[in-house]
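Asks:
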Amino acid sequence: KNQVEQSPQSLIILEGKNCTLQCNYTVSPFSNLRWYKQDTGRGPVSLTIMTFSENTKSNGRYTATLDADTKQSSLHITASQLSDSASYICVVSANQAGTALIFGKGTTLSVSS
Amino acid sequence: ETGVTQTPRHLVMGMTNKKSLKCEQHLGHNAMYWYKQSAKKPLELMFVYNFKEQTENNSVPSRFSPECPNSSHLFLHLHTLQPEDSALYLCASSQDRSRGGIEEQYFGPGTRLTVT
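Residue numbers (the numbering used here), protein chains in the order written: chain A, 1 to 113; chain B, 114 to 229.
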């Protein structure tokens, strides 16, 4: 069964600290993996998209890694800010067009001062 | 932020009501999507339209009826809903699902629906 599991479910960190969110998937075939940030009351916003051949991708303070062999991805946030408080959703696509997007439940990150 | 808009942002309706959700995209895209986001659950894809034609219906109950009059507008007509239909309904758009290549989806802010 195609699944995307994220951990932890929730996380609280102090402003300025780093953190890493995990994503394990069992989706097959695999086309690409996406990380989205969803602020409360807003729609998800794309952070990164990685294909099979990419094992790291950065977007500002966000760095995503992908190990297609172990079917694991991580999202590392550096020097966290209060505005990083959000839900982070890992999404795996079985094809390029995204007709088979498998969503994780998300990790809720709270950054406190 | 204003690429994909949704109205209303909040909606409370009774089980016998009929209401419609509206989505508009200003990105020149040709594909539009409806998603349901329930608490503690992953996003669920409901419907997909590409060039105004419905290409996917993920076993959605008939009490949800989509309409796509043109590539910029998407509606979700609601009729005799159940309390378990209460959720955040998200609209998204992407360039064109038929061209090949990775399709980036852009989401609207969602409509928070409560069925009483």
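Where a beta carbon is used, it is the ideal one built from N, C-alpha and C, also for glycine.
No experiment lies behind these values; they were computed from the predicted model shown.
Straight-line CA distance for Ala-144(B) to Thr-108(A)?
Replies: 29 Å
Asks: In the structure shown, what three-state DSSP assignment does Asp-67(A) receive?
Replies: strand
Asks: So that I know if they touch, is there some Cβ in chain B lying closer than 7 Å to that of Lys-105(A)?
Replies: Answer yes: the Cβ-Cβ gap between Lys-105(A) and chain B drops below 7 Å somewhere.
Asks: By a C-beta neighbour count over all protein chains shown, 10 Å radius and 16 as the cutoff for buried, is Arg-61(A) buried or exposed?
Replies: exposed
Asks: Would you mind telling me which residues of chain B sit closer than 7 Å to Ser-46(A), beta carbon to beta carbon, in chain order?
Replies: Within chain B, the residues near Ser-46(A) are Glu-217.
Asks: With distance defined between alpha-carbon atoms, name the residue in Ser-185(B), Thr-227(B), Gly-223(B), Thr-229(B) nearest to Gln-38(A).
Replies: The residue from Ser-185(B), Thr-227(B), Gly-223(B), Thr-229(B) with its alpha-carbon nearest to that of Gln-38(A) is Gly-223(B).
Asks: So, helix, strand or coil for Glu-196(B), using DSSP?
Replies: In the sequence on display, residue 196(B) carries Pro and not Glu. The answer is helix: DSSP assigns Pro-196(B) an H, G or I state.
Asks: Since Leu-134(B) and Phe-220(B) should fall inside the 8 Å C-beta cutoff, what is the C-beta to C-beta distance between them, to a whole number of angstroms?
Replies: With a Cβ gap of about 14 Å, Leu-134(B) and Phe-220(B) do not count as contacting.
Asks: Here's the rule I'm using: 16 or more other beta-carbon atoms within 10 Å means buried, otherwise exposed. How should Thr-70(A) be labelled?
Replies: exposed
Asks: Give the residues from the stretch 37–68 of chain A that approach chain B closer than 9 Å (Cβ to any Cβ), ordered along the chain.
Replies: Going along the stretch 37–68 of chain A in chain order, one finds Gln-38, Gly-41, Arg-42, Gly-43, Pro-44, Val-45, Ser-46, Ile-49, Thr-51 with a Cβ nearer than 9 Å to chain B.
Asks: Leaving out five residues on either side along the sequence, give the residues of the same chain with a beta carbon under 8 Å from the beta carbon of Asp-209(B).
Replies: His-142, Asn-143, Ala-144, Asn-163, Phe-164, Glu-216
Asks: Below 8 Å, can you find three or more Cβ-Cβ pairs linking the stretch 7–23 of chain A to the stretch 176–195 of chain B?
Replies: In short, these stretches do not touch, since the Cβ pair count stays below three.
Asks: Is Leu-109(A) helix, strand or coil by DSSP?
Replies: strand
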